[in-house]
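K.L.:
Heads up: the sequence lines are chains A and B, in that order. Each number in this note's numbering comes from the position in the first sequence (counting from 1) with 131 added on. Each number in this note's numbering comes from the position in the second sequence (counting from 1) with 334 added on. The beta-carbon is built from N, C-alpha and C at its ideal position, and this holds for glycine as well.
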Amino acid sequence: MDKVLIAVAAALAIGISAVATAWVQSRIGSAGAGALAEKPEVRGTIIVMLAIPETLVILGFVVAVLILTGG
Amino acid sequence: MILPMLRVQLLGPRALLPEALELLQRDGALELRAPHEDGSRAPRRAAGPEPGEACLAGVAERAEALLSRLPAARGGGPPATLPPTSDPGLLPRLAALEGELQALEARRADLVEEGDATARFARIVTALAPLHHDVDPALLPEVHGLVLRNDPAALALLQAEVRRIAGRDCSVESRPLDGEHTGVLVVVPRACGRALSALLFERGVDEVKLPSAYAGKSLFEVLLHVASRTREIPEEIARADGRLEELASRWAPALADVAAAARAALARAEASSRCGETRFAFLVSGYMPAERLPALRDAAAARFGERVALLTGPPARAEYGEVPVVLRNGPALRPFQLLLALAPLPRYGSIDPTPWLALFYPLFFGLVLGDVVFGLLGAGVALAARARRWGGATGRDVAWIALACSLAALLFGLLFGEALGELGAHLGLEPVLLDRRRAFMTFLGLALAVGGVHLGIGFVLGVANALRGGHRREALARAAKLLMLLSAAAAALGALGLLPRAVLAPALAAGATFLAAALASEGPMAALHLVLGLGNVLSYARLMALGLASVMLAEVANLIAGTLRPAAVGLLVGVLLHAVNFTLGLISPAIAALRLHYVEFFEKFYEEGGAPWRPFALNP
Chain A
132 MDKVLIAVAA ALAIGISAVA TAWVQSRIGS AGAGALAEKP EVRGTIIVML
182 AIPETLVILG FVVAVLILTG G
Chain B
335 MILPMLRVQL LGPRALLPEA LELLQRDGAL ELRAPHEDGS RAPRRAAGPE
385 PGEACLAGVA ERAEALLSRL PAARGGGPPA TLPPTSDPGL LPRLAALEGE
435 LQALEARRAD LVEEGDATAR FARIVTALAP LHHDVDPALL PEVHGLVLRN
485 DPAALALLQA EVRRIAGRDC SVESRPLDGE HTGVLVVVPR ACGRALSALL
535 FERGVDEVKL PSAYAGKSLF EVLLHVASRT REIPEEIARA DGRLEELASR
585 WAPALADVAA AARAALARAE ASSRCGETRF AFLVSGYMPA ERLPALRDAA
635 AARFGERVAL LTGPPARAEY GEVPVVLRNG PALRPFQLLL ALAPLPRYGS
685 IDPTPWLALF YPLFFGLVLG DVVFGLLGAG VALAARARRW GGATGRDVAW
735 IALACSLAAL LFGLLFGEAL GELGAHLGLE PVLLDRRRAF MTFLGLALAV
785 GGVHLGIGFV LGVANALRGG HRREALARAA KLLMLLSAAA AALGALGLLP
835 RAVLAPALAA GATFLAAALA SEGPMAALHL VLGLGNVLSY ARLMALGLAS
885 VMLAEVANLI AGTLRPAAVG LLVGVLLHAV NFTLGLISPA IAALRLHYVE
935 FFEKFYEEGG APWRPFALNP
């Protein structure tokens, strides 16, 4: 039972943060596509902005690893 | 590094301004700036088009238009010359050339049109041969060629309409031209010709219009003429082309010279509006790289002697925002300037981060990809791209960056003992630094330590930048934050037992002191910046996360290759998964490493706002 709970906890840690990242990236992506259509020179800025919310899922992943390894 | 620039002022008698601008344009090093109107400098000349500027623009446009209309020159006769742009005789000469070219183009277009019509008509006539008609020659029969879609009803309707117009004195012959079209030859008395043409126009019938030379000729004469013109037209077109090429070889060089001279004169006229002038003197000012000054000084001395003074000096700190920026790095570092292209240029007087990008970008890439096979594969592709010169200059730079990243991946692959995941172990490859597949926490610690060092360097650069800019308070705040983070790191290591526990208390005390110093020099925002700094360090955990994902995908590929049956399918799926892993391994670390630099590292010291150097030159 403990193993199941640990697995569920790790899955929630990575799953919820992944959904959050995906939602934020969808908003940034659509706004970025609009901005790119008008100003192609902001391409680099948009790529970097799109990568910013990745921190959420990265931290979720680290937490999941900590849960699974008992760290 | 950011190339040192100089503020340069050229001062001399007003009459010499055009010559001075010509000299500067040839030298091509000075970016012009309008003198300030603060009373201490010469007043700026009233802006607006000078008499002759519109004329120069017109000359340039007309010469360029003529050049674009001329075919490629293939040597030939001696090149002609045109008067200089200041000569009033130039415009009439250009007009004459335009007229000559227009006549030749019109002649060629007529020939092509006639050739098309003749070919179409000949096609119909050939299909309907032998030709005969029942129209009385005394009625001066007129021939109309038509192309209709295969439709018997339409043909019957046409016959009925022609008979309605011409009565019995007409002939309508038709034969299929191809699977879809039918050629029709209608012969009517000349008196009915106009009515027939009107009818065909109204019904939208595609009539093969013959040139006016065919008008009024008998059918036999038309046939003879068609045969003769079919032979002659290509020769005449070739002659017209030859004449155009001759015109191009004679006039293209002169036209190119005139266009370039007019553009240069126009640029000088426009530049003169950015110069200061009084009744007797002119002042040209701007910025140029310090290394180009000796050449300009020598050229000015040779041309003007002591009549024009060249005043130079380093730009004042207050005007750093206006100074153009030129990045200059060694051949090994220069390609990494490409990675800076996604961010605005650094401000003059600040720090060029290219050397740090060249060091840390491949390091982060290698830390994530870390595989001997992928490293060798990437290096091979990069070397091939360089050898084959893919993508020109930009491609060469990208290949250089890719080579550095691949070598870093190879190095870390050796340190982690990975070659396509655990396959390296079968080849005798042992982890030297750590085993990423098992030592998750050590790998996380390594990623955070690398991040801490990276951000520490960022803080140090920030302190140096603030000191350079004369912002001592800001430098103090940044130094306090850096020392505070170092104290926190020491305390954390002490608490984890990685440093002697005795370090913990002094580290906490030092941290509190530095926090107070940061708060005192920067205010309450310093506390927020410290929290953000800790968040920035944690952000480097992505290096561990992406690296772990890469090695786990390699493990899955190996597992499938070893267990799936039949073995060939397992091997195929395994290879495909490794290929996917390699592709992801190229994209993910590239973006993550870039983001770590742009968002975390640059935030500590980078001052954007530099403008690229755009010198006043003949070919800007």
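Relative to chain A, which residues along the segment 906–935 of chain B have a C-beta separation below 8 Å, given in chain order?
P.N.:
So the list reads Ile925, Ala926, Leu928, Arg929, Tyr932 and Val933, given in the order they occur along the chain.
K.L.:
Can you list, in chain order, the residues of its chain whose CB lies under 6 Å from that of Arg375/B, leaving out five sequence neighbours each side?
P.N.:
Along the second sequence, read from residue 1 onward, the residue named residue 375/B stands at position 41. Low confidence applies here, because Arg375/B scores a pLDDT of 48, under 50, leaving its location unreliable; read the following figure in that light. Excluding positions up to five away in sequence, the list reads Pro369.
K.L.:
Exposed or buried, which one is Trp154/A when buried takes at least 16 other CB atoms within 10 Å?
P.N.:
Against the first sequence, residue 154/A aligns to sequence position 23. The residue is exposed, with fewer than 16 neighbouring Cβ atoms inside 10 Å.
K.L.:
Please report whether the beta-carbon of Leu167/A lies at a distance below 9 Å from any beta-carbon of chain B.
P.N.:
Reading the first sequence from its first residue, position 36 is the one you call residue 167/A. False, the Cβ-Cβ gap to chain B never drops below 9 Å.
K.L.:
Taking only beta-carbon atoms, is Ala279/B less than 9 Å away from chain A?
P.N.:
A query on residue 279/B cannot be resolved here, the shown segment of chain B reaching from 335 to 954 and no further.
K.L.:
Looking only at its own chain, which residues have a Cβ that is under 7 Å from the Cβ of Met180/A, when we skip the five neighbours before and after it?
P.N.:
On the first sequence, residue 180/A is found 49 positions in, with the first residue counted as 1. Counting only Cβ-Cβ distances below 7 Å, and skipping sequence neighbours, we find Ile159 and Gly163.
K.L.:
So is Glu514/B buried or exposed if we call it buried at 16+ other beta carbons inside 10 Å?
P.N.:
Residue 514/B sits at position 180 when you count from the first residue of the second sequence. Exposed: under 16 other Cβ atoms inside 10 Å.
K.L.:
With 9 Å set as the bound, which would you pick, yes or no: does the beta-carbon of Leu872/B sit closer than that to a beta-carbon of chain A?
P.N.:
Here residue 872/B is taken as the residue at index 538 of the second sequence, counted from 1. Using beta-carbon distances, Leu872/B counts as an interface residue toward chain A, with a partner under 9 Å.
K.L.:
Assign Lys815/B to one of two classes, buried (16 or more other C-beta atoms within 10 Å of its C-beta) or exposed (fewer than that).
P.N.:
Taking the first residue of the second sequence as position 1, residue 815/B is located at position 481. Per the 10 Å Cβ criterion, buried.
K.L.:
Determine the closest residue to Ala826/B out of Arg509/B, Glu395/B, Val871/B and Ala841/B, with distance taken between C-alpha atoms.
P.N.:
Indexing the second sequence from 1 puts residue 826/B at position 492. If we check each option's Cα against that of Ala826/B, Ala841/B comes out closest.
K.L.:
Let me see if you follow: with CB-CB separation under 9 Å, is Lys134/A close to chain B or not?
P.N.:
Along the first sequence, read from residue 1 onward, the residue named residue 134/A stands at position 3. For Lys134/A, the answer is no, since every Cβ of chain B falls outside 9 Å of its Cβ.
K.L.:
Give the straight-line distance between the Cα atoms of Leu645/B and Gln343/B, rounded to the nearest whole angstrom.
P.N.:
Locating residue 645/B in the second sequence gives position 311, where the first residue counts as 1. Locating residue 343/B in the second sequence gives position 9, where the first residue counts as 1. Put simply, the backbone Cα of Leu645/B is about 5 Å away from that of Gln343/B.
K.L.:
Is the Cβ of Gly726/B closer than 9 Å to any Cβ of chain E?
P.N.:
Of the protein chains in this structure, namely A and B, none is chain E.
K.L.:
With a cut-off of 8 Å on the beta carbons, I'd call Ala142/A and Val188/A a contact; round off their distance for me.
P.N.:
For the purposes of this step, residue 142/A is taken as the residue at position 11 of the first sequence. For the purposes of this step, residue 188/A is taken as the residue at position 57 of the first sequence. Rounded, the Cβ-Cβ distance is 13 Å, inconsistent with contact.
K.L.:
Using a Cβ-Cβ cut-off of less than 8 Å, list which residues of the segment 766–785 of chain B approach chain A; keep chain order.
P.N.:
Phe774, Met775 and Leu778
K.L.:
Mind checking the segment 669–700 of chain B against chain A and listing, in chain order, the residues whose C-beta falls within less than 8 Å of any C-beta there?
P.N.:
For the segment 669–700 of chain B, the set of residues with a beta-carbon nearer than 8 Å to any beta-carbon of chain A comprises Ala675, Leu676 and Ala677, in chain order.
K.L.:
Output, in sequence order along the chain, the residues in the segment 809–831 of chain B whose CB is closer than 7 Å to any CB in chain A.
P.N.:
none
K.L.:
Leaving out five residues on either side along the sequence, give the residues of the same chain with a beta carbon under 8 Å from the beta carbon of Ala677/B.
P.N.:
As a first step, residue 677/B is located in the second sequence; it is residue number 343 there, counting from the start. Same-chain partners within the cutoff: Tyr932, Phe936, Tyr940 and Glu942.
K.L.:
What residues of chain B sit near Thr200/A, judged by a beta carbon separation below 8 Å?
P.N.:
Working through the first sequence from its first residue, we reach residue 200/A at position 69. Listed along the chain, the chain B residues whose CB falls inside 8 Å of the CB of Thr200/A are Phe774 and Met775.
K.L.:
Work out the CA separation of Leu617/B and Pro377/B for me, nearest whole Å.
P.N.:
Here residue 377/B corresponds to residue number 43 of the second sequence, with the count starting at 1. Here residue 617/B corresponds to residue number 283 of the second sequence, with the count starting at 1. With a pLDDT of 48 at Pro377/B, under the threshold of 50, the predicted position of this residue should be treated as unreliable, and no value is reported.
K.L.:
Within this structure, are the beta carbons of Ala500/B and Pro523/B separated by less than 9 Å?
P.N.:
Numbered from 1 along the second sequence, position 166 holds the residue referred to as residue 500/B. Numbered from 1 along the second sequence, position 189 holds the residue referred to as residue 523/B. Contact flag set, yes.
K.L.:
Output yes if chain A places a C-beta closer than 9 Å to the C-beta of Ala879/B; else output no.
P.N.:
If you number the second sequence from 1, residue 879/B lands on position 545. Using a Cβ-Cβ cut-off of 9 Å, Ala879/B counts as an interface residue toward chain A, since at least one Cβ of chain A sits closer than that to its own.
K.L.:
Could you tell me which chain B residues have their CB closer than 8 Å to the CB of Val179/A, listed as they occur along the chain?
P.N.:
Walking along the first sequence from the start, residue 179/A turns up at place 48. Here the neighbours are Leu676, Leu928, Arg929, Tyr932 and Val933.
K.L.:
Can you confirm whether Ile159/A, when its beta carbon is compared against all beta carbons of chain B, has any partner nearer than 9 Å?
P.N.:
The residue given as residue 159/A occupies position 28 in the first sequence. It does not; no Cβ of chain B falls within 9 Å.
K.L.:
Check whether the Cβ of Gly709/B lies closer than 9 Å to any Cβ atom in chain A.
P.N.:
Counting from 1 along the second sequence, the entry for residue 709/B is found at position 375. It does not: the Cβ of Gly709/B has no partner Cβ on chain A nearer than 9 Å.
K.L.:
So, using beta-carbon positions, are Phe192/A and Ala879/B closer together than 9 Å?
P.N.:
Residue numbering aside, residue 192/A sits at position 61 when the first sequence is read from its first letter. Residue numbering aside, residue 879/B sits at position 545 when the second sequence is read from its first letter. Yes, the Cβ-Cβ distance between Phe192/A and Ala879/B is below 9 Å.
K.L.:
Would you kindly work out how many angstroms separate the C-alpha atoms of Phe746/B and Leu905/B, rounded to a whole number?
P.N.:
As a working mapping, residue 746/B is identified with position 412 in the second sequence. As a working mapping, residue 905/B is identified with position 571 in the second sequence. Taking the straight line joining both Cα atoms gives about 26 Å.
K.L.:
When the distance is taken between beta carbons, is Gly790/B closer than 9 Å to Leu820/B?
P.N.:
Along the second sequence, read from residue 1 onward, the residue named residue 820/B stands at position 486. Along the second sequence, read from residue 1 onward, the residue named residue 790/B stands at position 456. Yes; because the gap between Cβ atoms is below 9 Å, this pair is in contact.
K.L.:
Can you list, in chain order, the residues of its chain with a C-beta nearer than 6 Å to that of Leu849/B? Leave out the 5 residues immediately preceding and following it.
P.N.:
By 1-based counting over the second sequence, the position of residue 849/B is 515. Closer than 6 Å at the Cβ level, and outside the excluded window around Leu849/B, lie Met818.
K.L.:
Is it right to say Ala666/B is buried, meaning 16 or more other beta carbons lie within 10 angstroms of its own, or is it exposed?
P.N.:
Stepping through the second sequence from its first residue, residue 666/B is reached at position 332. Under this definition Ala666/B is an exposed residue.
K.L.:
Taking Ala586/B as the reference, which of Leu364/B, Asn953/B and Pro413/B has the closest Cα?
P.N.:
Translated into the one-based positions of the second sequence, residue 586/B becomes position 252. Among Leu364/B, Asn953/B and Pro413/B, the Cα nearest to that of Ala586/B is on Pro413/B.
K.L.:
Which residue marks the beginning of the beta strand (DSSP E) containing Asp540/B, and which one marks its end?
P.N.:
Taking the second sequence and counting its residues from 1, one reaches residue 540/B at position 206. Segment Asp540 to Val542, the beta strand (DSSP E) holding Asp540/B.
K.L.:
Could you give the first and the last residue of the continuous beta strand (DSSP E) run that contains Ala643/B?
P.N.:
Within the second sequence, the letter at position 309 stands for residue 643/B. Ala643/B -> beta strand (DSSP E) spans Ala643 to Gly647.
K.L.:
For Leu136/A and Ile198/A, I'd like the C-alpha separation in whole angstroms.
P.N.:
Here the question's residue 136/A lines up with position 5 in the first sequence. Here the question's residue 198/A lines up with position 67 in the first sequence. Rounded to whole angstroms, the separation of the alpha carbons of Ile198/A and Leu136/A is 10 Å.
K.L.:
Decide if Asp470/B is buried, meaning its Cβ has at least 16 other Cβ atoms within 10 Å, or exposed.
P.N.:
Counting from one through the second sequence, the residue named residue 470/B turns up at place 136. It is exposed - the Cβ of Asp470/B has fewer than 16 other Cβ atoms within 10 Å.
K.L.:
For Ile183/A, which three-state DSSP category applies?
P.N.:
The residue you call residue 183/A lines up with position 52 of the first sequence. Coil.
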